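Remarks on the structure that follows.
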Amino acid sequence: MLRPLLLLSAVAMVTASVKTIRSDQNVSISSCPIRYYGVEYNNIYIKFTNNKLAICFDAMYNVTAVGDCIIGPKPVASVDFSILQTAVRSRFQNVSGTSNCSVKFEAQLTSGRFTLNLFNFGTEAVMSVTSTGAMKFEAMVNGTTVDTLNLPSATAHVDISGCRDAGAVYKPGSVVSSDPNTCFTRTCDQVATVQNSACGALETCLGNGSCGHGAICTVTANTVIDIHGKLKTIEDRCSYTLLSAPSDPDFQIVAHFRERRRTDVSFLESVVLQLNDVGFHIHLDQGNRASLNESLLSLNSSVRSVQGVLMSRDHRGVTAEASLSGSTASVFFDGHMAQIHVEGPAVKTLGGLCGKSSADLSRLRSSDSSCQKKHQQSPDSSIDCMAVAERCSLLNKPPFDICHQHSGPQPFITACSQTLCEYPALDGFNCQFLEAYARSCQLNNVTLKSWRPGASCPSPQAFCRDRTCSDHEFCGEKTLGGETRCFCRAIFASKYRTSDTLGEPTVCNQSSASVILVGCLLEDKGIKHSALHLNDDTCRGVMDPLDHMVTFSFNGTNNCGAEVTTDGNKVIYTNTIKTGNITTGVITRHDQVYINFSCIHTQPEVKTAAFKIKDSSVMENITTGAWNYTLTMRAYSDPGLSQVVDSNTEVQLNQKIWVELNTVGLEGGLVALVTDSCWATKDQPPNSTVRHDLISNGCADSGDQTVKVMGNGLGTSNSFSFNMFQFSGSSTDVYLHCKLELCVKSSKSCEPTCSGNSRKRRSVRYSATFISMTWTK
């Protein structure tokens, strides 16, 4: 390769005798040996061919043989040869020092004259040619041309220094051999000597031909930059193996990814160190927290051993360091970014997303398939991707540039641009990728000059320190750089936002009603759950400390101001969740809440259940949506209602029978059961012509003096008694029917007035139900 030589300055000269050579001849140059492309020679072989002059170093020139030769034009008759003890200072940019001697050849050509000098610079050498006409010289090694001088009438120089390895020539500054797995490199240095190099005592070969202060893997948002500087993107919300080591098969580092503000972008949620041999998992979570299995760990800046893992915590994040068969793996997590730093021989065989650039993501996924479902969401039109790219490219500029040779910035720039072009620069992500690169430089022992003020970034600290969000929440900023709170995850919140609701449907049980509102949705609306209450403002919501769901409820013991209305055969209990001190003015600057919820008791449909006298009871199950209750008619032979009339009981005419009407599933504090009327018919239909009244308008019918009514309208059950009878002139069945009503308890009584002329004000009764019983003689 021809290289520009500036000047060769003669300092001093001792003239030597000139020898004229007219035929092939071997001459000694031991007084000024020349190192020709890495091999030092003490002899020169001069040969005249038909059209060439060959100056060879290893043997007489043979056109069919390979050799180290300089080939030039053939002289007219002879070549003048001399050795000069000349002190020449090199001004060639790639050759240093002073030459103390040179070998000189001069010859007359038919078309001019040339002077060729070979300067000895120790391990280096320079060939200089001055010509008075156009001519060409070739420097050959093993018969192959290495450098060429095409000269007009001028002086030119070429560096004939180099290194030899296995017969090949290597120019100064080039690599002779390199093993990326061991980082052992042989280089032809600038003074043309072969130098061996490897990683330093405190460095580790990263397996890609580069040395570093350990291998570094960075996980930020949904991107993984492995120890080889390759970028991978996680497109789902699954768990993946970040790091594994064949030397320690029971040790793994796993990352969990979840969505946040958008359904289509996932983020690093937590990191787990799995110590499978001892059955422990160390979790590094949001809020600068760490736990061993399910137990929260108490950590500070002092290093603590947890199942052999060295752990500490400061304002920046949590660090955990584990030993791996002569190597160490350190994990740092600040709630946004995880950085894994591995030192030692294990680096060369690391697996997982951090270790293998060609790793198949599906093989490293450690969670079920439900997390793989992809969601689509319209792009955020407020994001300026050009501005994002400009900000991310700060990593190409000072002061980050001094770290480029240790940690390439491009994967960090790509990860930054890719993420922030899809996701708003909230929750600290505007600085997170810059911070991740800066920390990578720090791990490589590179100290960056102050960069945070110019990038408008705060000092590093763990995000959302000591704030705990539930599984369906994440911690984020209310405003850019502002206070933090727990936000609903986008997928979780989507079903509520689609239906424009703040919580779950009303849950109606037998004696209570409840509504659950989502705490993070309330916060989205700027609503404090503590400001909400029911109609009775002493009835307030209770927030679950774990999932932050807010429950409002009422029951028969405390109805919290529930309003009772009717709609046909339905009894409706309604309450309202509202904010306190609702303004009565024309305007308000706070969101007002007014959420109605209700539960319904449905009266049973008219049904007839027949049984013989020897049967025990008639029972109906009444189901009304989410609320249900059971109505039972049962016959007894004693006033204490303990002797049930069953299949073995003989009932005689004029024998007193007690009948109980009872409900299960109604709250006595809310409603009462009223027996409005009971009557017997000769035929099965309740409206048969032949009938005998036992109870009328809630009271014993005056036509049958054997009837007594007990507890009617006082609770969820009542009873009555009468003497057994049959219809005259008939030996067929007797059908007993009762019409019952539910009465809503309030300040008015549900108990019928059955004596005197005074009448109690009774609560409103609602549509009746019928239940029938049959005696068969």
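Read left to right, the sequence shown gives residues -16 to -1, 1 to 761 (mature numbering (1 follows the signal peptide of the UniProt record, and there is no 0)). A virtual CB, placed ideally from N, CA and C, is assigned to each residue, including glycine. Bear in mind the structure is a predicted one, so any value in this text is a computation, not a measurement.
Residues sharing a beta bridge with alanine 123, DSSP: Counting from one through the sequence shown, the residue named residue 123 turns up at place 139. According to DSSP, alanine 123 bridges with Ile54, Asp131.
Buried versus exposed, by CB contacts within 10 Å (16 or more), residue 769: Given that the chain is displayed from residue -16 to residue 761, the structure contains no residue 769 and the question cannot be resolved.
Three-state secondary structure assigned by DSSP to tyrosine 480: Here residue 480 is taken as the residue at index 496 of the sequence shown, counted from 1. Reduced to three states, the DSSP call for tyrosine 480 is helix.
Classification of lysine 729 by the beta-carbon crowding that lies within 10 angstroms, buried from 16 upward: Sequence index remark: in the sequence shown, residue 729 carries index 745 (1-based). Buried, by the Cβ-count rule.
Where cysteine 415 falls: helix, strand or coil (DSSP): Counting from one through the sequence shown, the residue named residue 415 turns up at place 431. Three-state result, cysteine 415: helix.
Whether alanine 330 touches leucine 308 by CB criterion (7 Å): Indexing the sequence shown from 1 puts residue 330 at position 346. Indexing the sequence shown from 1 puts residue 308 at position 324. A contact, by the Cβ cut-off of 7 Å.
Boundaries (first-last residue) of the beta strand (DSSP E) holding glycine 301: Here residue 301 is taken as the residue at index 317 of the sequence shown, counted from 1. From DSSP, the beta strand (DSSP E) with glycine 301 extends over 301 to 308.
Burial state of serine 145 (16 or more Cβ within 10 Å): Position 161 of the sequence shown, counted from the start, is the residue given in the question as residue 145. Buried: at least 16 other Cβ atoms inside 10 Å.
Collapsed DSSP secondary structure at serine 756 in the structure displayed: As a working mapping, residue 756 is identified with position 772 in the sequence shown. In the structure shown, the three-state DSSP call for serine 756 is strand.
Nearest candidate by alpha-carbon position, reference serine 705, set His240, Gln639, Pro736: Numbered from 1 along the sequence shown, position 721 holds the residue referred to as residue 705. Nearest of His240, Gln639, Pro736 to serine 705, Cα basis: Gln639.
Closest by C-alpha distance to phenylalanine 317, when choosing among Ala239, Leu268, Asp298: To locate residue 317, count along the sequence shown from 1; it is residue 333. Cα-wise, what sits closest to phenylalanine 317 is Leu268.
Span separating the alpha-carbon of glutamate 219 from that of cysteine 453: Working through the sequence shown from its first residue, we reach residue 219 at position 235. Working through the sequence shown from its first residue, we reach residue 453 at position 469. Each residue's alpha carbon lies about 23 Å from the other.
Rounded separation between aspartate 630 and leucine 645 - CA only: Position 646 of the sequence shown, counted from the start, is the residue given in the question as residue 630. Position 661 of the sequence shown, counted from the start, is the residue given in the question as residue 645. Going by the C-alpha atoms only, they are around 17 Å apart.
From Thr431, Ser74, His320, Pro437, residue whose alpha carbon lies closest to that of phenylalanine 251: Walking along the sequence shown from the start, residue 251 turns up at place 267. With distances taken between Cα atoms, phenylalanine 251 lies closest to His320.
Reference valine 87; option with closest CA among Val63, Pro489, Ala477: Here residue 87 corresponds to residue number 103 of the sequence shown, with the count starting at 1. Nearest C-alpha to valine 87: Val63.
Buried versus exposed, by CB contacts within 10 Å (16 or more), isoleucine 386: Reading the sequence shown from its first residue, position 402 is the one you call residue 386. Burial call: exposed.
Length of the line joining the Cα atoms of proline 393 and cysteine 425: As a position in the sequence shown, residue 393 is number 409, starting the count at 1. As a position in the sequence shown, residue 425 is number 441, starting the count at 1. Rounded to the nearest angstrom, the gap between the Cα atoms of proline 393 and cysteine 425 is 10 Å.
Cβ shell of leucine 226 (< 6 Å), same chain only, five flanking positions each side left out: Numbered from its first residue, the sequence shown carries residue 226 at position 242. Contacts found: Ile237, Ala239, Gly336, Leu337, Cys338.
Beta-ladder partner(s) of phenylalanine 458, from DSSP: The residue you call residue 458 lines up with position 474 of the sequence shown. Looking at the DSSP output, phenylalanine 458 bridges to Phe471.
Inter-stretch contact at 8 Å, needing at least 3 Cβ pairs: the stretch 413 to 424 / the stretch 372 to 391: yes
For alanine 656: DSSP bridge partner residues: As a first step, residue 656 is located in the sequence shown; it is residue number 672 there, counting from the start. In DSSP, alanine 656 forms a bridge with Cys727.
Three CB pairs or more closer than 8 Å across the stretch 54 to 63 and the stretch 122 to 134: yes
Reduced DSSP secondary structure (H/G/I, E/B, other) of lysine 666: Taking the first residue of the sequence shown as position 1, residue 666 is located at position 682. It is coil, neither helix nor strand.
Segment contact flag, the stretch 502 to 509 with the stretch 465 to 477, C-beta cutoff 8 Å, min 3 pairs: Taking a contact to require three or more Cβ pairs closer than 8 Å, the stretch 502 to 509 and the stretch 465 to 477 qualify as touching.
DSSP three-state assignment for aspartate 163, whether helix, strand or coil: Here residue 163 corresponds to residue number 179 of the sequence shown, with the count starting at 1. Residue state, collapsed to three classes: strand.
Member of Val79, Gly652, Ala229 whose CA lies at the smallest distance from the CA of asparagine 539: Reading the sequence shown from its first residue, position 555 is the one you call residue 539. Closest option to asparagine 539, judged by alpha-carbon separation, among Val79, Gly652, Ala229: Gly652.
Neighbour-count burial assignment, asparagine 702, 16 or more Cβ in a 10 Å radius: Taking the sequence shown and counting its residues from 1, one reaches residue 702 at position 718. Per the 10 Å Cβ criterion, buried.
Euclidean distance between Cα positions of valine 178 and valine 79: If you number the sequence shown from 1, residue 178 lands on position 194. If you number the sequence shown from 1, residue 79 lands on position 95. Each residue's Cα considered, the two are about 16 Å apart.
Own chain partners of proline 356 with C-beta closer than 7 Å, once the 5 adjacent residues on each side are dropped: Along the sequence shown, read from residue 1 onward, the residue named residue 356 stands at position 372. Strictly speaking, residue 356 in this sequence is glutamine, with proline absent from that position. Excluding residues within five positions, the ones whose Cβ falls inside 7 Å are Asp220, Cys222.
Rounded separation between serine 1 and serine 12 - CA only: Residue mapping note: residue 1 aligns to position 17 of the sequence shown, counting from 1. Residue mapping note: residue 12 aligns to position 28 of the sequence shown, counting from 1. For serine 1 and serine 12, the distance between alpha carbons rounds to 14 Å.
Which residues DSSP lists as bridging tryptophan 435, in chain order: Taking the sequence shown and counting its residues from 1, the one referred to as residue 435 is at position 451. Partner(s): none; tryptophan 435 has no beta bridge.
Beta strand (DSSP E) segment containing isoleucine 209, residue limits: Indexing the sequence shown from 1 puts residue 209 at position 225. Note, isoleucine 209: beta strand (DSSP E), 207 to 209.
Phenylalanine 241 to cysteine 492 span [Cα, whole Å]: Within the sequence shown, residue 241 is the residue found at index 257, counting from 1. Within the sequence shown, residue 492 is the residue found at index 508, counting from 1. Roughly 37 Å between the two C-alpha positions.
Own chain, CB closer than 7 Å to glycine 687, minus 5 neighbours either side, in chain order: In the sequence shown, counting from the first residue as 1, residue 687 sits at position 703. Here the set comprises Asp677.
Burial state of glutamate 725, where buried means 16 or more other Cβ atoms lie within 10 Å: For the purposes of this step, residue 725 is identified with residue 741 of the sequence shown, where counting begins at 1. Buried is the call here.
Segments of 3+ residues assigned as beta strand (DSSP E) that fall wholly inside the stretch 174 to 246: Positions of the beta strand (DSSP E) runs, each at least 3 residues long and wholly inside the stretch 174 to 246, are given as 178 to 181, 199 to 204, 207 to 209, 215 to 217, 223 to 229, 232 to 243 in order along the chain.
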